[in-house]
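See structure below.
In this note's numbering, the protein residues as written are 812 to 1259.
Below, the structure is given as structure tokens:
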């Protein structure tokens, strides 16, 4: 047995040396050294790899570290948001607003009509009431940052159609300015630049429901230096916003919203795909060549009136909020003006607003995340509305609804009798405070 093994070893040895001799003869000794070097290097490389496999514990630590980093980033972001809110709150603690106590003919006399404080233009009443009870109110005009002039101009309702008649608005406000400028020095001191008015009608301080007439009239000269809180806002230049202004939400009763939500929760069943109730002329109402809603509402009715997924109603119904809270999408097309109370009602009741009003500037854009809670459809694309809504419903609807149902969003668009943290009046005061320069504030404090 030993002899067999020895013979086999001898034969293998001879073969090895034979091969080495052949290699040396073919490639030379230099090439042989390179081959040996590569073999040895490969051996040590394999050994190194086998002893240095990556640790799963290390990988886990890396993942945890990245996860913690994301949490920290979110915490920092939330902290910054909280800091901004805190700074706004602190800044508003120093904000001082003087509210003129005008004769009752300018405001409270109009409240004999209950509609005056509850219709879509009633923000003029709501803001006045909230400021009267607010901590920012000062009774010393010499320390005021702003002067609020409470004149109600949208409470004169026509006995014929029930719509507000505002032909008296210019004369009424002019009379109020004449009164305050003759009794106190503050209007003349600043030429009205620190005075605040509410103009909650269709085209704001132009005081007319028809755009061409509103544009022709323009903003009264005596208001052009002042700050106007108005529901009208567009992204392009427009004569009816040629004054310092804040775009505010139209008025929707918070009590009515709460009553509706008490019957149907905001995250409850929504069995209406797309909802609209309001004026939808089959033949567009033509008043001196002006077409209502630029034909948008008519096209919606003609295109989708027979589509069972579109709940379109042309007649008034007092309990229509119960329909909104059942709806997934709420259509908010323009009327005579681009804005509508439907926008606030949709948000407050958790229905995704579908804004169809080219160039509209939405209320309190710095406070309300409109791109995350609504859809915007161009007027020319209204014929493709069903496809657009279907696409959203099949992709990111749940994400939009999650953002929309945030309590802070609803709060930002509603007015209350008292200023509440984060409500519409609170955000209006923040917007006013941002218009104050720190140097002016320091000067006022030093002169006390």
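From the three backbone atoms N, C-alpha and C, an ideal C-beta is built for every residue, glycine too. Keep in mind it's a predicted model, so treat the numbers as computed, not measured.
How long is the line joining the alpha carbons of residue 1190 and residue 1207, rounded to whole angstroms?
When rounded, the distance between both Cα atoms is 22 Å.
Under a Cβ-count criterion, where at least 16 other Cβ atoms within 10 Å of its own Cβ denotes burial, should residue 1003 be classed as buried or exposed?
When all chains shown are included, residue 1003 counts as buried.
Would you tell me roughly how many angstroms separate the C-alpha atoms of residue 1084 and residue 1121, rounded to the nearest one?
The alpha-carbon atoms of residue 1084 and residue 1121 are separated by roughly 6 Å.
Under three-state DSSP, which class holds residue 1165?
Three-state result, residue 1165: strand.
Tell me the start and end of each unbroken alpha helix (DSSP H) in the region 1127-1175 that is at least 4 residues and wholly inside, in chain order.
Here the runs fully enclosed are 1132-1135, 1152-1159.
Across which residues does DSSP place residue 1084 in a beta bridge pair?
Paired residues: none, contrary to the question.
Do residue 1217 and residue 1225 have their CB atoms nearer than 8 Å?
No. Outside cutoff.
Would you decide whether residue 1161 is buried or exposed? Buried here means 16 or more other CB atoms lie within 10 Å of its CB.
Buried, because 16 or more other Cβ atoms sit within 10 Å of the Cβ of residue 1161.
Do you know offhand how far residue 1081's Cα is from residue 1133's?
Roughly 11 Å separates the two Cα atoms.
Tell me which residue opens and which closes the alpha helix (DSSP H) that residue 939 is part of.
Run containing residue 939: 934-943, per the alpha helix (DSSP H) assignment.
If you follow the alpha helix (DSSP H) that residue 1199 is part of, which residue opens it and which one closes it?
Here the alpha helix (DSSP H) through residue 1199 covers 1196-1205.
For residue 1055, write down the residues that DSSP places opposite it in a beta bridge.
According to DSSP, residue 1055 bridges with 1038.
Indicate the three-state DSSP secondary structure (helix, strand or coil) for residue 1223 in the structure shown.
Of the three classes helix, strand and coil, the one that applies to residue 1223 here is helix, per DSSP.
Roughly how many angstroms lie between the CA atoms of residue 1034 and residue 996, to the nearest whole one?
Roughly 17 Å separates the two Cα atoms.
Do the region 1168-1180 and the region 944-963 make contact, defined as three or more Cβ pairs closer than 8 Å?
Flag = no, the region 1168-1180 and the region 944-963 do not touch.
So what's residue 975 in DSSP terms, helix, strand or just coil?
Strand.
Taking the C-alpha atoms as reference points, what is the distance between residue 1054 and residue 1105?
So the alpha carbons of these two residues sit roughly 26 Å apart.
Quick one: using the 10 Å Cβ neighbour count with 16 as the cut-off for buried, is residue 982 buried or exposed?
With fewer than 16 other Cβ atoms within 10 Å, it is exposed.
Which class does residue 1124 belong to by DSSP, given the choice of helix, strand or coil?
Looking at residue 1124 - three-state DSSP - the assignment turns out to be strand.
Per the contact definition of three or more C-beta pairs closer than 8 Å, is the region 1058-1076 in contact with the region 1147-1157?
As far as the Cβ criterion goes, the region 1147-1157 touches the region 1058-1076, which means the pair count is three or higher.
What's the C-alpha gap between residue 1087 and residue 1141?
Those two C-alpha atoms are separated by around 6 Å.
Is it the case that the Cβ atoms of residue 1211 and residue 1187 are separated by a distance below 8 Å?
Against a cut-off of 8 Å, the Cβ pair of residue 1187 and residue 1211 comes out as no contact.
In chain order, what residues of the same chain have a beta carbon less than 6 Å from the beta carbon of residue 939, not counting five sequence neighbours either side?
Excluding sequence neighbours, residue 939 sits near 961.
Check the C-beta distance from residue 968 over to residue 926 and give it rounded, since I have them as a contact under 8 Å.
Sure, about 6 Å apart at Cβ, within 8 Å.
Need the endpoints of the beta strand (DSSP E) that residue 1103 sits in, please.
Residue 1103 -> no beta strand (DSSP E), and no H or E assigned at all.
If you count every other CB in all the chains shown that lies within 10 Å of the CB of residue 1222, and 16 or more means buried, which is it?
Residue 1222 is buried by the Cβ-count criterion.
Find the nearest neighbour of residue 904 within the set 1079, 945, 1126, 915, judged by alpha-carbon distance.
Here the closest residue by C-alpha is 945.
Between residue 1276 and residue 959, is the Cβ-Cβ spacing less than 8 Å?
Given that the chain is displayed from residue 812 to residue 1259, the structure contains no residue 1276 and the question cannot be resolved.
Do the CB positions of residue 1039 and residue 1010 come within less than 8 Å of each other?
A contact, by the Cβ cut-off of 8 Å.
Rounded to whole angstroms, what's the CA-CA distance from residue 941 to residue 1202? Just pull it up for me.
So the two alpha carbons sit approximately 42 Å from each other.
If you draw a straight line from the C-alpha of residue 1228 to the C-alpha of residue 1117, how long is it?
The alpha-carbon atoms of residue 1228 and residue 1117 are separated by roughly 43 Å.
Taking only the alpha-carbon atoms, compute the straight-line gap between residue 1041 and residue 1073 and give it to the nearest angstrom.
In a straight line, the C-alpha of residue 1041 is about 31 Å away from that of residue 1073.
Residue 1008 lies in the beta strand (DSSP E); which residues open and close that run?
1006-1010 is the extent of the beta strand (DSSP E) around residue 1008.
Could you give the distance in angstroms between the alpha-carbon of residue 1128 and the alpha-carbon of residue 1090?
Approximately 12 Å, taken between the alpha carbons.
Less than 8 Å between the C-beta atoms of residue 1144 and residue 1159, yes or no?
Cβ atoms of residue 1144 and residue 1159: not closer than 8 Å.
Skipping 5 residues on each side, what residues in its chain have a beta carbon closer than 6 Å to that of residue 999?
Correct list, in chain order: 992.
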